[in-house]
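Heads up: the structure comes next, in structure tokens.
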Amino acid sequence: MGLLDFSIFDEFRRMDGRQIVYQFLNFAMIVSSALMIWKGLMVVTGSESPIVVVLSGSMEPAFYRGDLLMLTNDLNDPIRAGDITVFKIEGRDIPIVHRVIKVHERSNEETKFLTKGDNNMRAGFVPYVGMVTIIMNDYPKLKYTVLALLGLFVLLHRE
1 MGLLDFSIFD EFRRMDGRQI VYQFLNFAMI VSSALMIWKG LMVVTGSESP
51 IVVVLSGSME PAFYRGDLLM LTNDLNDPIR AGDITVFKIE GRDIPIVHRV
101 IKVHERSNEE TKFLTKGDNN MRAGFVPYVG MVTIIMNDYP KLKYTVLALL
151 GLFVLLHRE
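What the sequence shown shows, in UniProt numbering, is residues 1 to 159, in sequence order.
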């Protein structure tokens, strides 16, 4: 029994050219729809990343690892002490979620923020929403395997 003897490849071999083109177009439509939704959220929220997953426990008990955060960037509402911010540091890909402790306003209209994670140790539940993102970041090979399998499923799925 060779690699191409699996039933999933039998389905692909039974398709004619028209069905294969249809499946590729269907896959392209799914991908482009997801991109349009993401870009639409970027416009509505004014944020480069409208949804982020909390990847560390630095904000517990306010946010747990795996929680999803919906971000906004309202330029008319200034950041104050006590607000929760999400920011990136140069050279790091992972956004940081921290609470603003103090706002330093300079006379030259420069504003700097002192931030800190809440990180209060407290017994809590294990969150499940967003854990997929954490697992995919910890195991990149799994991410590519899942994406390949999902793409193959979309291409081979008949209606």
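We treat Cβ as the ideally placed atom computed from N, Cα and C, and that holds for glycine.
It should be emphasised that the depicted structure is a prediction, and the values quoted were computed from it without experimental measurement.
Item	Value
Ignoring anything shorter than 3 residues, give me the beta strand (DSSP E) runs that lie fully in the UniProt domain "Peptidase S24/S26A/S26B/S26C" (38-102), in order along the chain.	51-53, 68-70 and 84-87
Can you say whether P50 is buried or exposed, counting buried as having 16 or more other CB atoms within 10 angstroms of its CB?	buried
Can you tell me the Cα-Cα spacing of H98 and P78, whole angstroms?	16 Å
So what's E11 in DSSP terms, helix, strand or just coil?	helix
Would you decide whether V52 is buried or exposed? Buried here means 16 or more other CB atoms lie within 10 Å of its CB.	buried
Check each candidate in Y22, K88, S56 and L68 and name the one with the smallest Cα separation from E48.	K88
Given that a residue counts as buried once 16 or more other Cβ atoms are within 10 Å of its Cβ, and exposed if not, what is G66?	buried
What is the rounded straight-line gap between the Cα of L55 and the Cα of Y139?	14 Å
When you compare each of D118, I37 and L150 to P61 by their alpha carbons, which one comes out closest?	D118
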